[in-house]
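**Student:** This is the structure I have questions about; it appears just below.
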Amino acid sequence: MSRDTYLEHLQKAGIVATPIPYSDCGITLSSAMDVKQLPGFKQGWVSVQDGAAQLVAPLLNIPAGARVLDACAAPGGKTAHLLERYEIGTLFAIDNQPARVQKLDNTLRRLQLSAELRCADASQPDTWWDGQAFDRILLDVPCSGSGVIRRHPDIKYLRQQRDIATLAAQQARLLKALWPLLMPGGQLLYVTCSVFAEENHLQIQKFLATYADATEIVLVADWGHALPYGRQILPGENNLDGFYYACLTKKKISPF
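Positions 1 to 256 (UniProt numbering) are the ones given, in order, by the sequence shown.
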């Protein structure tokens, strides 16, 4: 279903809504409402996701038939968007908590989509990986959540400085563990909903300095702000959550 068609359904239901400027499928409602009251929600016509999260799928530019990994995938909004947008060969979606994997499964069932689900620690590929490299990896890492502070203002009271160092170390472990799973010429999209440099461009700077076969694909867009590495949306800009995105590619090995 196209965005225009769904906007017509909303209009018939008396719900005021407008297109999101930076997403080709996003819609903003004029006021909050129970998602179950949205036309066709139960039937899988629509999903609810912040506009900044909706920018993730287009950045991956997945070729038809590709083998894709969505690490740290629950609750499944980005997983579903990838499956809806691209003709993916196989998509592995991983999360390390059974309850979160169940939410992921519920999301895909509602939308009548399918993926290979795994309840596992993405930083330990030996426990779940089948040995076949991926064309694309989405690494939406655990982070401080500082970018969603406009919706969760209590974050500024719950987070402490030492939390950022702990999270940055976890993010680095995930990057280190998953990079070998990416095939030469493939792309890894690193994403956070954080505004802190330690979790964002400084994390990518350290990674690029360590891995000689990694290079950045510079993201050119009419949203957010270019950083030394990657691109940042600040909380509230264009009514979006704060998100960070960096796209990396693995150099192909020359036969000569």
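For glycine and all other residues, C-beta sits at the position ideal for the given N, C-alpha and C.
1. Count the C-beta pairs between the segment 232-248 and the segment 148-164 that are closer than 8 angstroms, then say yes if the count reaches three, no if not.
2. Residues in its own chain within less than 6 angstroms of residue 231 by CB, not counting five upstream and five downstream?
3. Go ahead and label residue 109 buried or exposed: buried means 16 or more other beta carbons lie within 10 angstroms of its beta carbon, across all protein chains shown.
4. Quick check: residue 94 and residue 66, are their CB atoms within less than 9 angstroms of each other?
5. Assuming residue 258 is part of the beta strand (DSSP E), what are its boundary residues?
6. Do the segment 139-147 and the segment 183-195 make contact, defined as three or more Cβ pairs closer than 8 angstroms?
7. Where does residue 218 fall in DSSP's three states?
8. Nearest CA to the CA of residue 228: which residue from 242, 252 and 201?
9. First and last residue of the beta strand (DSSP E) that includes residue 184?
10. I'd like to confirm the pairing. Which residues does DSSP put opposite residue 39 in its beta bridges?
11. Give every residue of the same chain whose Cβ lies closer than 6 angstroms to the Cβ of residue 39, excluding the five residues on either side of it in the sequence, and list them in chain order.
12. Residue 196 bridges to which residues according to DSSP?
13. When the Cα atoms are used, what is the spatial distance from residue 63 to residue 89?
14. Put residue 133 into one of helix, strand or coil per three-state DSSP.
15. List the residues that DSSP assigns as beta-bridge partners of residue 25.
16. Checking the sheet assignment: what are the DSSP bridge partners for residue 68?
17. Our contact map puts residue 161 next to residue 199 with C-beta atoms below 8 angstroms; I'd like the distance itself, whole angstroms only.
18. Near residue 59, which residues of its chain fall below 7 angstroms by C-beta distance, leaving aside the five closest residues on each side in sequence?
19. Taking residue 78 as the reference, which of 97, 99, 105 and 98 has the closest Cα?
**Tutor:** Short version:
1. yes
2. Counting from 1 along the sequence shown, the entry for residue 231 is found at position 231. Excluding sequence neighbours, residue 231 sits near 219, 224 and 245.
3. Along the sequence shown, read from residue 1 onward, the residue named residue 109 stands at position 109. The residue in question, residue 109, is exposed, as its Cβ has fewer than 16 Cβ neighbours within 10 Å.
4. Here the question's residue 94 lines up with position 94 in the sequence shown. Here the question's residue 66 lines up with position 66 in the sequence shown. No.
5. Because the chain in this structure spans residues 1 to 256, residue 258 falls outside the shown range and cannot be described.
6. Inter-segment contact for the segment 139-147 and the segment 183-195 is present: three or more beta-carbon pairs are separated by less than 8 angstroms.
7. Taking the sequence shown and counting its residues from 1, one reaches residue 218 at position 218. Coil at residue 218, not helix or strand.
8. For the purposes of this step, residue 228 is identified with residue 228 of the sequence shown, where counting begins at 1. For residue 228, the nearest C-alpha among the options comes from 201.
9. Position 184 of the sequence shown, counted from the start, is the residue given in the question as residue 184. It spans 182-192 - the beta strand (DSSP E) in which residue 184 sits, taken as one unbroken run.
10. Locating residue 39 in the sequence shown gives position 39, counting from the first residue. In the DSSP output, where bridge partners are listed per residue, residue 39 has none listed.
11. Residue numbering aside, residue 39 sits at position 39 when the sequence shown is read from its first letter. 9 and 13, listed in sequence order.
12. Position 196 of the sequence shown, counting from 1, holds the residue named residue 196. None, per the DSSP bridge assignment.
13. Translated into positions along the sequence shown, residue 63 becomes position 63. Translated into positions along the sequence shown, residue 89 becomes position 89. So the alpha carbons of these two residues sit roughly 9 angstroms apart.
14. Counting from 1 along the sequence shown, the entry for residue 133 is found at position 133. In the structure shown, residue 133 sits in coil (DSSP, three-state: anything other than H, G, I, E or B).
15. Taking the first residue of the sequence shown as position 1, residue 25 is located at position 25. Its beta-bridge partners do not exist; DSSP assigns none.
16. The sequence position of residue 68 within the sequence shown is 68, counting from 1. In the DSSP output, where bridge partners are listed per residue, residue 68 has 91 and 136.
17. The residue labelled residue 161 in the question sits at position 161 within the sequence shown. The residue labelled residue 199 in the question sits at position 199 within the sequence shown. In fact, because the Cβ distance is near 13 angstroms, the residues do not count as touching under 8 angstroms.
18. Numbered from 1 along the sequence shown, position 59 holds the residue referred to as residue 59. Within the same chain, residue 59 has close Cβ partners 189, 219, 245 and 247.
19. Stepping through the sequence shown from its first residue, residue 78 is reached at position 78. Selected option, being the one with the closest Cα: 105.
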